[in-house]
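Step one of this worksheet: look at the structure below.
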Amino acid sequence: MKKGVPVSPGVAVALAHCVGEVLTHHEPYTLDSAGTSGELGRLERALAAVARELDDTITRVSKQIGEEEAAIFRAHRQLLRDPSLHSKVMERIREHRVDAASALQQTLQEYVNLFRRFEDSYFHDRLTDLRDVIGRVVARLAQDSTQQPPRFKEPVILVASEVLPSAAAMIDKRWVAGILTEAGAATGHAAILARALGIPAVSGLRGLLREVKDGDVIAIDGREGHVYLNPGPEVEAAYRKLQREYAAEYGRLFENRDVEAISPDGTRVELLANVSGPADARMATAAGAVGVGLYRTEYLFLTHPTVPDEEDQLAAYRDVIEATPSKRVTIRTLDLGGDKQVPYLGVRREANPFMGFRSIRLSSAHPEFFQAQLRAILRAGLVGEVSVMFPMISLLEEVHRIKKVVQRTRLALERAGVAHGSKLPLGIMIEVPGAALCIDELLDEVDFVSIGSNDLVQYLMAADRDNPQVAHLCEPFNPALLRLLSHVIRSCNRRGKPVTLCGEMAGWPRCFLPLFGMGLRRLSMSPAAVPTIKEIIRRTPLAVAEQIANKVLEMKTTGEIRGYLTKRIQDIWPNVTLMDMRR
Ligand code: PEP
Ligand code: MG
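Shown next, in the form of structure tokens:
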């Protein structure tokens with residue numbers, strides 16, 4: 054048995070499918086001799102489609118952002134024409150009779166192996182470009198359904214070194230029973246997506262790809278981070294039983310979707326969902342969320358074949374609003390950078406990308422781009438109860454500047470006679486400890502705040518949220534984090550400003566107890582977590598939660614807090630162990 058970092062709850066037993074360098078998951082298949090010419094044709098079509106896509110991107114980026122950034126895509130366009138890349142891929146199809154997507158992925162792997170020997174950043178950047186270009190062609194091939202290979206016969210467990218957020222966003226739940234990765238931790242963005250899809254996942258399994266091969270049986274428990282490779286019949290039977298019990302309890306909780314989230318003493322709590330597109334919003338509605346508390350718009354940018362313009366964005370925002378019956382949607386402006394990279398915003402390789410040019414810092418540096426997003430959000434305000442939220446605010450001056458940009462954007466829409474929502478509430482995310490400490494000053498300027506505890510804890514503890522070796526520092530049971538959260542929640546309540554918590558801990562049963570006791574009445578979480586948290590609210594009197602909050606705020610260590618909350622939650626709901634991640 055192996056122990057990794059549990060990142061998405063659930064239990065599964067299925068066959069392994071190793072994807073190595075993840076682009077999109079794909080089942081390789083062998084061609085017969087007649088098949089090779091068809092496959093070469095499919096490759097040609099995909100290359101031509103990507104060339105058109107890149108031309109379109111070059112035009113848009115040079116217009117909206119600048120020539121320097123457009124040059125990145127010119128380089129991609131050139132790579133796409135590279136004769137040695139073509140001949141390597143075609144040779145694999147012709148000589149080895151592999152399908153086009155596999156031929157591309159194998160060729161990429163060849164370059165990875167070659168370039169790995171050089172420490173030089175030039176080679177690193179070339180590899181990034183190559184991954185990007187090949188990723189586009191593979192995605193195109195997947196869309197060409199004329200000769201689609203058969204999908205997996207049954208759902209598989211994907212085994213990868215790392216799942217990039219853009220690849221995770223394309224995972225199809227029907228074919229993926231579980232995800233295992235060598236890198237990554239609980240609050241990384243790929244983990245967040247796995248949780249949103251309700252797929253069990255375990256990360257931080259170093260060296261796993263050297264041990265697993267396609268077709269091995271894997272049993273995975275995403276609550277505990279346990280993984281068995283080719284388990285014996287007894288373990289396999291036990292895991293299959295656990296899988297059934299988990300599914301049955303989950304189904305029972307789902308039946309409460311229309312029941313209110315209200316504690317036994319009558320205190321109401323609003324359960325909202327974190328989404329990255331309309332499919333998540335539909336899932337959130339099915340799970341009983343009353344609206345969207347965090348719409349991560351960057352996934353549109355990570356998965357869109359070209360740079361989404363104002364109209365593309367408006368259409369996407371409308372889709373999410375339409376998929377939310379209450380039409381209450383908090384749209385967060387782009388949170389790119391860090392582990393979410395797109396090539397066109399000119400982010401160069403940074404030593405510390407999470408501390409660098411990311412999020413609102415990046416948006417603010419591209420005013421036209423930023424305003425196009427604001428225009429789309431303001432226009433979407435016509436069809437729903439939309440709020441706009443800015444991520445990673447560090448300084449009061451940033452808020453002053455952003456408010457001016459919003460004001461200018463509004464005026465421009467008015468002058469041009471473009472219809473838009475007139476009074477969209479403006480909010481900020483509290484993710485930087487400096488902002489949390491100065492919350493009172495910030496509250497004077499905004500209509501609401503939302504606490505991004507995933508980032509807040511990583512910055513508070515100086516521990517990368519995506520690095521399994523420091524995952525113990527990013528725990529939500531950390532005394533410093535809890536004290537800071539209490540400070541922010543109490544300040545907001547004192548001033549009557551709505552406060553939500555939208556980090557991953559919002560969906561963790563044990564964390565709900567102190568948060569509720571500190572005065573939090575709005576939580577936004579992975580859609581899959583809504584039914585579980587609702588069950589806990591319905592079992593927890595406010596006075597009990599207040600006593601728990603006071604107690605943990607006096608505790609000194611993470612272990613003490615975790616142990617205490619584990620005991621208290623089990624008193625409140627003994628069956629919670631079936632649903633919870635028992636970290
Ligand atoms: C957070 O940081 O807690 C948050 C909700 O934002 P994201 O996870 O998208 O960085
Ligand atoms: Mg964040």
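Offset between the sequence shown (1-based) and my numbering: plus 53.
Each residue gets a CB set at the ideal place from its N, CA and C atoms; glycine is no exception.
Using CA coordinates, which residue listed in the options is at the minimum distance from residue i?
{"i": "Arg-536", "options": "Ala-87, Gly-570 and Ala-156", "result": "Gly-570"}
{"i": "Ile-542", "options": "Arg-563, Phe-307 and Gly-505", "result": "Gly-505"}
{"i": "Arg-189", "options": "His-357, Asp-519 and Pro-529", "result": "His-357"}
{"i": "Ile-245", "options": "Met-54, Arg-615, Glu-121 and Ser-577", "result": "Ser-577"}
{"i": "Gly-391", "options": "Lys-380, Phe-501, Ala-87 and Tyr-512", "result": "Tyr-512"}
{"i": "Phe-565", "options": "Gly-251, Ala-124, Gln-623 and Gly-88", "result": "Gln-623"}
{"i": "Leu-233", "options": "Glu-264, Thr-83 and Gln-131", "result": "Glu-264"}
{"i": "His-642", "options": "Ala-65, Asp-519 and Arg-592", "result": "Any question about residue 642 goes unanswered here, given that the chain covers just 54 to 636."}
{"i": "Ile-146", "options": "His-540, Gly-91 and Gln-131", "result": "Gly-91"}
{"i": "Asn-405", "options": "Asp-517, Leu-526 and Val-458", "result": "Asp-517"}
{"i": "Ala-124", "options": "Gly-487, Tyr-82 and Asp-182", "result": "Asp-182"}
{"i": "His-720", "options": "Gly-241, Leu-554, Thr-462 and Ile-483", "result": "Outside the shown range of the chain, which is 54 to 636, sits residue 720, and nothing can be said about it."}
{"i": "Cys-555", "options": "Ala-104, Pro-286 and Arg-575", "result": "Arg-575"}
{"i": "Arg-591", "options": "Ile-625, Ile-210, Ala-128 and His-129", "result": "Ile-625"}
{"i": "Gly-572", "options": "Ala-581, Glu-599 and Val-328", "result": "Glu-599"}
{"i": "Leu-496", "options": "Ala-524, Glu-323 and Val-452", "result": "Val-452"}
How far does the alpha helix (DSSP H) with residue i in it reach, from first residue to last?
{"i": "Ser-155", "result": "153 to 168"}
{"i": "Arg-276", "result": "Neither: Arg-276 is in no alpha helix (DSSP H) and is coded neither H nor E."}
{"i": "Pro-286", "result": "286 to 307"}
{"i": "Leu-537", "result": "532 to 548"}
{"i": "Ala-340", "result": "331 to 340"}
Within the 8 Å Cβ cut-off, does residue i reach chain D?
{"i": "Met-571", "result": "Included in the structure is just one protein chain, with no chain D present."}
Quick one: residues in its chain with C-beta nearer than 8 Å to the C-beta of residue i, no 5 flanking neighbours on either side, listed in chain order?
{"i": "Phe-126", "result": "Leu-107, Thr-110, Ile-111, Val-114, Pro-396 and Tyr-397"}
{"i": "Glu-675", "result": "What is shown of the chain runs 54 to 636, which leaves residue 675 out entirely."}
{"i": "Lys-266", "result": "Ala-69 and Cys-71"}
{"i": "Leu-618", "result": "Phe-530, Arg-563, Cys-564, Leu-566, Pro-567, Ile-601 and Val-605"}
{"i": "His-540", "result": "Ala-489, Leu-490 and Ile-492"}
Would you check if the distance between the CB atom of residue i and the CB atom of residue j is smaller than 8 Å?
{"i": "Lys-456", "j": "Pro-532", "result": "no"}
{"i": "Val-216", "j": "Gly-237", "result": "yes"}
{"i": "Val-212", "j": "Ala-69", "result": "yes"}
{"i": "Ala-239", "j": "Val-58", "result": "yes"}
{"i": "Leu-325", "j": "Gly-344", "result": "yes"}
{"i": "Thr-350", "j": "Thr-320", "result": "no"}
{"i": "Ser-579", "j": "Arg-248", "result": "yes"}
{"i": "Gly-341", "j": "Val-583", "result": "yes"}
{"i": "Gly-260", "j": "Glu-298", "result": "no"}
{"i": "Val-142", "j": "Ala-156", "result": "yes"}
{"i": "Leu-509", "j": "Ile-481", "result": "no"}
{"i": "Asn-628", "j": "Glu-302", "result": "yes"}
{"i": "Thr-83", "j": "Arg-150", "result": "yes"}
Please report the residue range of the beta strand (DSSP E) in which residue i lies.
{"i": "Met-482", "result": "479 to 483"}
{"i": "Tyr-348", "result": "345 to 349"}
{"i": "Arg-574", "result": "Segment: none, Arg-574 is in no beta strand (DSSP E) and carries neither H nor E."}
{"i": "Arg-385", "result": "381 to 385"}
{"i": "Leu-427", "result": "First-last for Leu-427: 420 to 433, but that is the alpha helix (DSSP H), not the beta strand (DSSP E)."}
{"i": "Thr-553", "result": "552 to 554"}
By Cβ distance below 7 Å, which residues in the same chain neighbour residue i in space, the five residues on each side in sequence not counted?
{"i": "Glu-363", "result": "Ala-425, Arg-428 and Ala-429"}
{"i": "Gln-296", "result": "Val-64, Ala-65 and Val-66"}
{"i": "Leu-250", "result": "Ile-224 and Lys-226"}
{"i": "Met-558", "result": "Ser-506, Pro-529 and Cys-564"}
{"i": "Leu-7", "result": "Residue 7 lies beyond the stretch modelled for the chain, which goes from 54 to 636, so this question has no answer here."}
Residues in the same chain with beta-carbon distance under 6 Å from residue i, minus the five sequence neighbours each way, listed in chain order, please.
{"i": "Val-471", "result": "none"}
{"i": "Glu-46", "result": "This structure cannot speak to residue 46, because the chain is shown only from 54 to 636."}
{"i": "Glu-438", "result": "Lys-380 and Arg-381"}
{"i": "Val-60", "result": "Ala-239, Ala-244, Ala-254 and Ser-256"}
- Given 8 Å as the limit, is there contact between the stretch 432 to 452 and the stretch 405 to 414, that is, 3 or more CB pairs closer than that? Contact holds between the stretch 432 to 452 and the stretch 405 to 414, because three or more Cβ pairs, one in each stretch, are under 8 Å apart.
- Query: With a cut-off of 8 Å, do at least 3 Cβ pairs link the stretch 250 to 267 to the stretch 587 to 595?
  - Reply: Result no; under three Cβ-Cβ pairs closer than 8 Å.
- Does the stretch 312 to 329 touch the stretch 262 to 274, meaning 3 or more C-beta pairs lie closer than 8 Å? Look at the beta carbons and you see the stretch 262 to 274 not touching the stretch 312 to 329: under three pairs across the two are nearer than 8 Å.
- Counting Cβ pairs closer than 8 Å, one from the stretch 92 to 104 and one from the stretch 370 to 384, do we hit at least three? No, the stretch 92 to 104 is not in contact with the stretch 370 to 384.
- Query: Are the stretch 418 to 433 and the stretch 362 to 376 touching, with three or more C-beta to C-beta distances below 8 Å?
  - Reply: Enough Cβ pairs lie closer than 8 Å, so yes.
- Message: I need the residues with a C-beta less than 7 Å from some heavy atom of the ligand PLP; please give them in chain order.
- Response: Ligands in the displayed structure: the ligand PEP and the ligand MG; the ligand PLP is not one of them.
- Message: Three Cβ pairs or more, each shorter than 8 Å: is that satisfied between the stretch 539 to 558 and the stretch 479 to 496?
- Response: Taking a contact to require three or more Cβ pairs closer than 8 Å, the stretch 539 to 558 and the stretch 479 to 496 qualify as touching.
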